[in-house]
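Residue numbers (the working numbering): 28 to 286. Using N, Cα and C, we set each Cβ at its ideal position, and we do this for glycine too. The structure appears below as structure tokens.
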């Protein structure tokens, strides 16, 4: 049950910090305390929704504690970023360290719940489904978490890392940008979509044990960019870094979540 609690907390965190937080809010919360409070309220509501499978007033208390810790960490980041910190590397370190602290907070709260031997049970309707229809709720929760991780959090993390290695113009997840602003935006969107599809295919192959087939996916992706890779060493390194990051994140997430 501790694993289920932690996974539900992670689902709440990912939904609140990635899916239900627009780019505008993600930027403005670092400049406006009002926006930060708005994000914190959304985060608490999302965390409360995420623990529905094990919902109780006691678990709601822990969801609130997590939300408060999230606000404190974001407030500290708000104070740091108010100093007009510049540079992609510095911003990347802040992003990674911030997410690491959020993850540690979730793990710490889960550990405290275990130490205090807090009662944690599935709500009646889920317990009935487990007993009557042999529904593997833990596996379902794991798959929900895995799918959520490989889409937006992976995309945002890869984008933040690759911002430090752009060969000239900005690129995202291996997509080259040339032409007008609308064309660049279209290419960024296409690159992000390709990255998501790539991770989804790799996840499916991992789930059925077809590990060698992953190489064919990466080969097919590389063929589409062969000319650019062969002609531009800077782009080839950038492209390879984005691809390896994408593969590493989905494989590492799979091993951690389904261990």
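DSSP places residue 110 outside both helix and strand once states are collapsed to three, so it counts as coil. Straight across, the Cα-Cα distance linking residue 259 with residue 253 is about 10 Å. Judged by pairs of C-beta atoms under 8 Å, the stretch 182-190 touches the stretch 263-274, as three or more such pairs exist.
Here DSSP, grouped into helix, strand and coil, assigns residue 252 to coil. Burial state of residue 222 is buried, judged by a 10 Å Cβ sphere holding 16 or more other Cβ atoms.
With three or more CB-CB distances shorter than 8 Å, the stretch 29-39 counts as touching the stretch 73-81.
Boundaries of the alpha helix (DSSP H) harbouring residue 284: 260-284, taken from the DSSP string. Here residue 225 is buried: its Cβ has 16 or more other Cβ atoms, across all protein chains shown, within 10 Å. In its chain, beyond the 5 residues on either side, 136 have a beta carbon closer than 8 Å to the beta carbon of residue 92.
A straight line joining the alpha-carbon of residue 153 with that of residue 286 spans about 23 Å.
Here residue 38 really is in contact with residue 172; their C-beta atoms are around 5 Å apart, less than 8 Å.
The alpha carbon of residue 169 has as its nearest neighbour, out of 284, 53, 51, 40, the alpha carbon of 284. Taking 8 Å as the cut-off, the beta carbon of residue 66 is found closer than this to the beta carbon of residue 52.
Looking only at 150, 190, 244, the smallest Cα-Cα distance to residue 231 is reached by 244. DSSP places residue 150 in the coil class of the three-state scheme, outside both helix and strand. Membership of residue 55 in the alpha helix (DSSP H) is indicated by the continuous run 50-55. Inclusion of residue 193 and residue 122 in the CB contact set at 8 Å is not warranted, their separation being larger than that value.
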